[in-house]
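Using this note's numbering, read the sequence shown as starting at 4 and increasing by one per residue. Some notes on the structure that comes next.
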Amino acid sequence: RRTSICAMLAHGVRLADRRVLRVAGTDALKLLQGVVTNDVRGLGEPGAPPVYAAVLSATGRVSADVFFHREMGEGGGGGGLLLDLPSVSFDESVKLLTKMRLRASVTIDDATSDFSVVAVGDPAGEGGDERSGPRGDRGNTWFGDPSTSGNETTEKKKHHLLSFLPIDPRTRMLGLRGILPAAVAEALVDGNVDGAVKHGDSSERSHDEESASNLYKRFRYELGIGEGDELTGLLPLECNLHWLNAISLTKGCYVGQELVARTHFTGVIRKRIMPAKFDDAGGDFSLKNAKLLLPTAEKSTPDSPSTKPPKSVGKVLCRSENFGLAMVRLEHLTRVNHSVSFARFVVRDDGPRGRDAGVIVKTPKWWAPK
């Protein structure tokens, strides 16, 4: 199963839960600079690398995460930008930009039918190639490296059909990510799959069992990285967005900046998103928004009702089989060394069966040194 996921991600996937918005015009960068958490002015230069950022609400909570890509073949000045946005918050993002545009020279167009978001996962944690990129580390959070040797992996990447894509701006452990014309994305991604099948690897045909987007989600969950609606309504620093290169603390004002700046400079962050591994992979009860409890939490039964509800130490944000993301209070972690902490909790089913599912959370390798 693990080998199948690695193979699919290594050959590239199209992310069906993302949409593409084209923003162009001489005032495009000025408009975006006042809306998002990161500094996007560098995108005015030809060949600029992609930028990751977030759109916040007036109260400083995440409305959407966004990847900015400079459109290929555009000159300076009024060149277009392609925005990789979550499908669930796409319309709200368009409304916000349209509202703030006023009379600025900016065009905003839905380009989803023309472009696709493509990712090439990197389960080996090698980051795609030797290009400079954000923080990273070798090795998968839970499983360890695939059996392929380092030399073999490097050689394969040199001949990868999608090797021209930029490194994911969040961390090189996520591999490559970019926006391609829809027809090109279909040809290259399917070409990679067909080539793998031709050479005897049929695991890439696992679309019927699990969609490519869900495979990528599992990959992210193992690394402890949220995306899209998994971040909606949360505080950006609790989502670790400052460690994922999504926040500039030196740029000018933007919507929601006050809370971000205050939280950063006070240094008080009591909970964070962390990767979670569940003991019960096939549990038949929903875990989304379920509370995390200490293993010693008293369990209420008809014969022995609990006198008070157990104290919550966090909550589950999302899950795919036995992996997911959880928002965890840091005070309950046990430090192993200077960079690794972990904790074991339980998730309780409040239904008539009243079952518990064990869960382990652990600090991922890409977190900044504490």
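All C-beta atoms in this analysis are idealised placements derived from N, C-alpha and C, irrespective of residue type, glycine included.
> Got a sec? Which residues, its chain only, sit under 6 angstroms from ASP193 by beta carbon, not counting five neighbours each side?
Replying inline: Excluding residues within five positions, none has a Cβ falling inside 6 angstroms.
> Are there 16 or more other CB atoms within 10 angstroms of the CB of LYS201, so buried, or fewer, so exposed?
Replying inline: Any reading at LYS201 needs caution, since the residue's pLDDT is 41, under 50, leaving its predicted position unreliable; the model's value is listed next. Its Cβ having fewer than 16 others within 10 Å, LYS201 is exposed.
>> Are there any heavy atoms of the ligand SAH lying less than 6 angstroms away from the beta-carbon of ASN340, as far as the coordinates show?
In response: Looking at this structure, you won't find the ligand SAH or any other ligand, since it has none at all.
> So is GLU334 buried or exposed if we call it buried at 16+ other beta carbons inside 10 Å?
Replying inline: The C-beta of GLU334 has fewer than 16 other C-beta atoms within 10 Å across all chains shown, which makes the residue exposed.
>> Considering only their Cβ atoms, is the gap separating SER216 from LEU18 smaller than 7 angstroms?
In response: Taking C-beta atoms as the reference points, LEU18 and SER216 count as a pair closer than 7 angstroms.
>> According to DSSP, MET330 sits in a beta bridge with which residue or residues?
In response: DSSP lists ILE276 and LYS318 as partners of MET330.
>> Pull the bridge partners of LEU24 from the DSSP assignment, please.
In response: The secondary-structure analysis by DSSP pairs LEU24 across a beta bridge with LEU86 and ASP113.
>> Here's the rule: buried if 16 or more other CB atoms are within 10 angstroms of the residue's CB, otherwise exposed. What is SER344?
In response: Within 10 angstroms of the beta-carbon of SER344 lie 16 or more other beta-carbons, which makes it buried.
> Excluding sequence positions up to five away, which residues of its chain have a Cβ less than 6 angstroms from the Cβ of SER251?
Replying inline: If we look at SER251 and ignore the five residues flanking it on each side, its Cβ neighbours are ASN41 and ASP42.
>> If distances are taken between C-alpha atoms only, which option among GLY231, TRP369, THR62 and TYR224 comes closest to TRP246?
In response: Among GLY231, TRP369, THR62 and TYR224, the Cα nearest to that of TRP246 is on TRP369.
>> In this structure, how does DSSP classify LEU168 when only helix, strand and coil are distinguished?
In response: Under the three-state reduction of DSSP, LEU168 is assigned to coil, being neither helix nor strand.
>> Using DSSP's beta-bridge definition, name the partner residues of ASP359.
In response: DSSP lists ARG351 as partners of ASP359.
>> Could you tell me the alpha carbon to alpha carbon distance between SER119 and SER96, rounded to whole angstroms?
In response: Rounded to whole angstroms, SER119 to SER96 spans 18 angstroms at the Cα level.
>> What does the alpha-carbon distance come out to for the pair ALA122 and GLY15?
In response: If I take the Cα positions, the gap works out to 6 angstroms.
> If you drop the 5 nearest sequence neighbours on each side, which residues of the same chain put their C-beta closer than 6 angstroms to that of ASP30?
Replying inline: Taking C-beta separations shorter than 6 angstroms and ignoring five residues to either side along the sequence, the partners of ASP30 in its chain run ALA107, SER108 and VAL109, following chain order.
>> Along the chain, where does the beta strand (DSSP E) containing ALA122 start, and where does it finish?
In response: 118-123 is the span of the beta strand (DSSP E), which, as asked, contains ALA122.
> Who does THR337 pair with in a DSSP beta bridge?
Replying inline: Partner(s): PHE345.
> The alpha helix (DSSP H) with HIS267 in it runs from where to where?
Replying inline: It spans 260-269 - the alpha helix (DSSP H) in which HIS267 sits, taken as one unbroken run.
> Excluding sequence positions up to five away, which residues of its chain have a Cβ less than 6 angstroms from the Cβ of GLY227?
Replying inline: Cβ within range, chain order: MET277, PRO278 and PRO367.
> Can you tell me where the alpha helix (DSSP H) with LEU218 in it begins and where it stops?
Replying inline: Start and end: 215-226.
> If you compare alpha carbons, which of ASN292, ASP112, VAL271 and GLU225 is closest to THR235?
Replying inline: Of ASN292, ASP112, VAL271 and GLU225, the residue nearest in Cα terms is ASN292.
> Would the region 217-226 and the region 318-337 be scored as touching if the rule is three or more Cβ pairs under 8 angstroms?
Replying inline: The region 217-226 makes contact with the region 318-337, as at least three CB pairs between them are under 8 angstroms.
> Exposed or buried, what is PRO53 when buried is set at 16 or more other beta-carbons lying within 10 Å of its beta-carbon?
Replying inline: Under the 10 Å beta carbon count, PRO53 is surrounded by 16 or more other beta carbons and is classified as buried.
>> Per DSSP, what are the beta-bridge partners of PRO57 in this structure?
In response: The sequence given here has Ala at residue 57, not Pro. Answer is ASP68, bridged to ALA57.
> Near GLU230, what residues of its chain come up, given a Cβ to Cβ distance below 7 angstroms and the 5 sequence neighbours on each side ignored?
Replying inline: Within the same chain, and ignoring the five residues on either side of GLU230 in sequence, the residues whose Cβ sits closer than 7 angstroms to its Cβ are ASP68 and ARG223.
> Among SER315, VAL39 and GLY28, which has the Cα closest to the Cα of ASN248?
Replying inline: Across the set SER315, VAL39 and GLY28, the C-alpha of VAL39 shows the shortest separation from the C-alpha of ASN248.
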